[in-house]
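Below is one structure; the comments refer to it alone.
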Amino acid sequence: MFYYKLTIMSLALLLTNIYGQSIGLSYESNSFNVNGFFSYTIPVRGNIKNVFILGSYPLSDQLQLSLKTGYGWYNFSTTTDKIRPSSYTFVHTSKTYGVPVELAFSFFPAIDKELVFRPYLSFGIGYYSYKTTYNRNDPEPVFAYEFNTKGFCQYFCLGSHIYTTKNLIVFFEFKHQLNNGLKTKWEFNNPTDYYKYESDYSSADESLDLSISVGFLFNI
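The sequence shown begins at 382 in the numbering used here and counts up by one.
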């Protein structure tokens, strides 16, 4: 019985050393193109950036489960000078912020563990909730809109771990998102009309729904 318990403890320690859980941080650029959140007639451009806290749990030597959540943001401002028939200046401002949550399975090829680089392929699903406020400060009136974009998306990633030390892993990855689950809702309200809108997210062609992430993990 003692030998059995000792064997189990030894295996647990061995697996912990080989397949240790990890926690870390990552930064992601170009997550969503803000221009796709609402009407293309509104002059805003830019891509949301996300900062994630993440954790990974090894299911085997070649399969890992990861969960991450964080904060996303994008700010935009531009000034327009109208010359004729009357001269005045108006300002467009847009602020986007929200919370992304992602769950993914990562597959690592069976290669020599002594290698510094270890590529992987991930498949996952995320839930995203972003709010965008848009203001156009004309002399009169002032236009203000609020857009709420929420929904689930599938995605897949291609990346690599870089083993810098025994307990520190640096990684980078490229992510492609399938944004068919995102919807945007907004309202238009003035003294004479009131409208409520809902539409699917439609990314700009140039974004290709491709993002790039860099980060690090600590084995615990």
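Note that the Cβ used here is the ideal one computed from N, Cα and C, for glycine as well.
query	result
Bridge-paired residues (DSSP) for Gln558	Tyr536
Supposed contact pair Lys556 and Tyr536 - C-beta distance, whole angstroms, cut 8 Å	5 Å
Cα-Cα separation between Tyr501 and Val595, rounded to whole angstroms	14 Å
Cut-off 7 Å between Cβ atoms - residues of its own chain near Val482, not counting five sequence neighbours on either side	Thr450, Gly507, Tyr508
Close beta carbons around Phe433, own chain, < 6 Å, minus the five adjacent residues each side	Ser407, Lys449, Gly451
Closest residue to Asp442 among Ser541, Ser510, Phe489, Phe553 (Cα-Cα distance)	Phe489
According to DSSP, residues forming a beta bridge with Thr530	Tyr511, Thr565
Classification of Ser454 by the beta-carbon crowding that lies within 10 angstroms, buried from 16 upward	The residue asked about is misnamed: residue 454 is Trp in this sequence, not Ser. Exposed: under 16 other Cβ atoms inside 10 Å.
Contacts around Ile593, its chain only, beta-carbon distance under 8 Å, and the 5 residues preceding and following it disregarded	Glu409, Ser410, Asn411, Phe553, Glu554, Phe555, Lys556
Anticipated Cβ contact below 8 Å, Gly479 with Tyr511, distance rounded	3 Å
Euclidean distance between Cα positions of Leu484 and Phe504	9 Å
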